[in-house]
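Protein chains in written order, with our numbering: chain A, 1 to 113; chain B, 1001 to 1114.
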């Protein structure tokens, strides 16, 4: 059974560049979440999708961050004009909704040089 | 806003012994869910156990059990017969019944000593 898949697993890029991080959730899961996790800390909420719409984007740190989920399945997190402070592991999770737990991917480790 | 606190940044336990990890949370809701997740060095977050706030009975999952004290807003995790593979970061998480957002605590790093 396929779990949550995130690509790439690692991404190294230069300051100022544009990056896209992809998340493929578990089939049938309507809820999709993005988190950012810095070393030694818990996941920090970024954005939550219910279906195709962003139900809560209050965690996005600024307008350089944007995420889409056009068909209610795969989601892409986009970061423009990357800064060194954006370096972190970006986690994606999906859930059937309600009180069901989230299932996480392995994350993308983003390093901004 | 809801918050989750884990007051123990690091814990250690001898193999085969029992350890308890603490978690407290703050909410004005009466209906919610609580979770413990494990994150080994491989990075993937793995669900350990789930508790529904309206259930008074403490959840158990093999060697893992919780002590859920709703009035005190406390949700501790007990690991019995600790194994080397239990070494990981453990995160406590909260989700209310109306929203979909999960709130995570800062984590406790558990070491298991042979």
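The beta-carbon is built from N, C-alpha and C at its ideal position, and this holds for glycine as well.
Range covered by the beta strand (DSSP E) that runs through residue i
| i | result |
| --- | --- |
| residue 1089(B) | 1088–1096 |
| residue 23(A) | 19–24 |
| residue 5(A) | 5–7 |
| residue 109(A) | 108–112 |
| residue 1108(B) | 1108–1113 |
| residue 1033(B) | 1032–1039 |
| residue 48(A) | 44–50 |
| residue 1081(B) | Run containing residue 1081(B): none; DSSP gives neither H nor E here. |
| residue 15(A) | Counting along the chain, residue 15(A) falls outside any beta strand (DSSP E), and DSSP gives it neither H nor E. |
Residue closest to residue i, alpha-carbon to alpha-carbon, out of the options
| i | options | result |
| --- | --- | --- |
| residue 114(A) | 69(A), 8(A), 12(A), 71(A) | Residue 114(A) falls outside the range modelled here, since chain A spans only 1 to 113, and no answer is possible. |
| residue 15(A) | 98(A), 6(A), 87(A), 2(A) | 87(A) |
| residue 1089(B) | 1038(B), 1071(B), 1001(B) | 1038(B) |
| residue 1087(B) | 1002(B), 1001(B), 1014(B), 1003(B) | 1014(B) |
| residue 1080(B) | 1073(B), 1064(B), 1050(B) | 1064(B) |
| residue 1109(B) | 1003(B), 1068(B), 1040(B) | 1040(B) |
| residue 63(A) | 71(A), 78(A), 74(A), 69(A) | 78(A) |
| residue 105(A) | 1044(B), 1107(B), 1029(B), 1018(B) | 1044(B) |
Buried or exposed (CB count within 10 angstroms, at least 16 for buried), residue i
| i | result |
| --- | --- |
| residue 37(A) | buried |
| residue 1012(B) | exposed |
| residue 1053(B) | buried |
| residue 1105(B) | buried |
| residue 101(A) | buried |
| residue 25(A) | buried |
| residue 2(A) | exposed |
**Message:** Check whether the segment 1089–1104 of chain B and the segment 1020–1036 of chain B are in contact - that is, three or more C-beta pairs closer than 8 Å.
**Reply:** Yes, since at least three Cβ pairs between the segment 1089–1104 of chain B and the segment 1020–1036 of chain B fall closer than 8 Å, the two stretches touch.
ask   = Are the segment 24–42 of chain A and the segment 91–103 of chain A touching, with three or more C-beta to C-beta distances below 8 Å?
value = In short, these stretches touch, since the Cβ pair count reaches three.
How about the segment 45–54 of chain A and the segment 1003–1011 of chain B: do they share at least three Cβ pairs that are nearer than 8 Å? Short answer: they don't touch.
Would you call the segment 56–64 of chain A and the segment 38–47 of chain A touching, i.e. three or more CB-CB distances under 8 Å? Touching, yes.
Pairing CB atoms from the segment 1019–1027 of chain B with CB atoms from the segment 1070–1084 of chain B, are three or more of them under 8 Å? Three or more Cβ pairs closer than 8 Å define a contact, and the segment 1019–1027 of chain B meets that threshold against the segment 1070–1084 of chain B.
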